[in-house]
Amino acid sequence: MMHVIVTGGSSGIGLEVARLYAARGARLTLIARDAPRLEKAREELLSAAQISDADIHIAAVDVGHEADLSAAVAAAEAVLGPCDVLVTCAGIVEPGSFETLSSEAFAAQVTTNFMGTANAVRAVYKGMKSRGEGRIMMVSSGAALIGIYGYAAYCASKSALTGFAEALGMEAAGSGVHISICYPPDTITPQFERELLTRPREAKIVMGTVLPWTATAVAERIVRAIDGGRPRVYFGFSITGLGLFGSSIKPLLFWWYRRRF
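Counting from 2, one number per residue, gives the positions in the sequence shown under this note's numbering.
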């Protein structure tokens, strides 16, 4: 039976990814910082009769703490078997111009979004290589593809995942371990609702009025991409355009932005 580990699995995209795998009969490990929310997610999956109590494991851990995360993954694998699929959904965002954002808030986003992903990958990667199989999906963001006013920390942390995924993908070539990365758009989650309260006006103008996706729709595309072994996944016209033609598009966007402000 497949064992799927999802960081950030207590809500949003992570929970929806877990729900899809539960419906397939997979064993699940959900990792997040908030223990009560994790327990609520676990009960929700159990009440939907999608998974048995013996096949779901939860761990309240900060992905930015490597030792704690490594221990949590080892404990999960001891209970449910080796990790077959890792989906790294854990992430935080706190908008604010660089000059006003505290160094603590900047570092927290880099630690969770980038190092938290690297820590999760490190916890499963060696085992996957030794078995000659495994799938890793890193959840980045459309904000990784272009700098956005008020999102210096978030854009930097999510952009770093691209280089990490590309380099690791080269190292994993021929090993049986598939490395993927995806770039979701604005997605309706509890975190997105909090983010909107402090999103700068300048960012709203640049990002336009594109409607956010549902967490379910994003999760469905992520799982399909994992099934197909796709190395990169874009969402929607704008993000796909930036992902494929960013070097041509971004100079025009930046020119328009400077003219506007």
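Note that the Cβ used here is the ideal one computed from N, Cα and C, for glycine as well.
Note that this is a predicted model, so its numbers are computed, not measured.
Look up residue i in the DSSP assignment and give the residues it is bridged to.
{"i": "Ile57", "result": "Leu29"}
{"i": "Met139", "result": "Thr89 and Ile182"}
{"i": "Tyr235", "result": "Tyr184"}
{"i": "Val7", "result": "Leu31 and Val88"}
{"i": "Thr163", "result": "Its beta-bridge partners do not exist; DSSP assigns none."}
{"i": "Trp214", "result": "Thr188"}
Buried or exposed: which applies to residue i, given that a residue is buried once 16 or more other Cβ atoms fall within 10 Å of its Cβ?
{"i": "Ile223", "result": "buried"}
{"i": "Glu134", "result": "exposed"}
{"i": "Gly151", "result": "buried"}
{"i": "Asp187", "result": "buried"}
{"i": "Gly26", "result": "exposed"}
{"i": "Thr8", "result": "buried"}
{"i": "Arg136", "result": "buried"}
{"i": "Val80", "result": "exposed"}
{"i": "Pro252", "result": "exposed"}
{"i": "Pro191", "result": "exposed"}
{"i": "Ser53", "result": "exposed"}
{"i": "Val211", "result": "exposed"}
{"i": "Ala77", "result": "buried"}
{"i": "Phe115", "result": "buried"}
{"i": "Arg20", "result": "buried"}
{"i": "Thr101", "result": "exposed"}
Going by the CB atoms, is the gap between residue j and residue i shorter than 8 Å?
{"i": "Ala154", "j": "Val86", "result": "no"}
{"i": "Cys90", "j": "Val18", "result": "yes"}
{"i": "Thr215", "j": "Ile189", "result": "yes"}
{"i": "Val62", "j": "Leu29", "result": "no"}
{"i": "Val88", "j": "Met138", "result": "yes"}
{"i": "Ser11", "j": "Arg38", "result": "yes"}
{"i": "Leu254", "j": "Ile93", "result": "no"}
{"i": "Cys156", "j": "Val234", "result": "no"}
{"i": "Ile14", "j": "Val140", "result": "yes"}
{"i": "Pro83", "j": "Arg132", "result": "yes"}
{"i": "Gly143", "j": "Phe236", "result": "yes"}
{"i": "Leu1", "j": "Ala73", "result": "Because residue 1 is not part of the residues shown, which for the chain are 2 to 262, the question remains open."}
{"i": "Glu40", "j": "Ile59", "result": "yes"}
{"i": "Pro96", "j": "Glu172", "result": "no"}
Going straight from the alpha carbon of residue i to that of residue j, what length do you get?
{"i": "Gly294", "j": "Ile149", "result": "Given a span of 2 to 262 for the chain in the structure shown, any question on residue 294 remains unanswerable."}
{"i": "Ala204", "j": "Leu198", "result": "12 Å"}
{"i": "Pro185", "j": "Val219", "result": "7 Å"}
{"i": "Val125", "j": "Gly170", "result": "15 Å"}
{"i": "Ala119", "j": "Ala226", "result": "20 Å"}
{"i": "Ser160", "j": "Arg34", "result": "23 Å"}
{"i": "Gly175", "j": "Lys130", "result": "10 Å"}
{"i": "Phe165", "j": "Asp56", "result": "31 Å"}
{"i": "Arg200", "j": "Phe193", "result": "10 Å"}
{"i": "Ser230", "j": "Ser158", "result": "The displayed chain sequence assigns Gly, not Ser, to residue 230. So the alpha carbons of these two residues sit roughly 24 Å apart."}
{"i": "Gly128", "j": "Ala75", "result": "10 Å"}
{"i": "Glu105", "j": "His66", "result": "16 Å"}
{"i": "Ile180", "j": "Glu221", "result": "18 Å"}
{"i": "Pro213", "j": "Ile240", "result": "12 Å"}
{"i": "Ser1", "j": "Arg259", "result": "This structure leaves residue 1 out entirely; the chain is present only between 2 and 262."}
{"i": "Thr217", "j": "Trp257", "result": "34 Å"}
Counting only beta-carbon atoms, is residue i nearer than 8 Å to chain B?
{"i": "Met2", "result": "Note that chain B does not occur in the displayed structure, where there is just one protein chain."}
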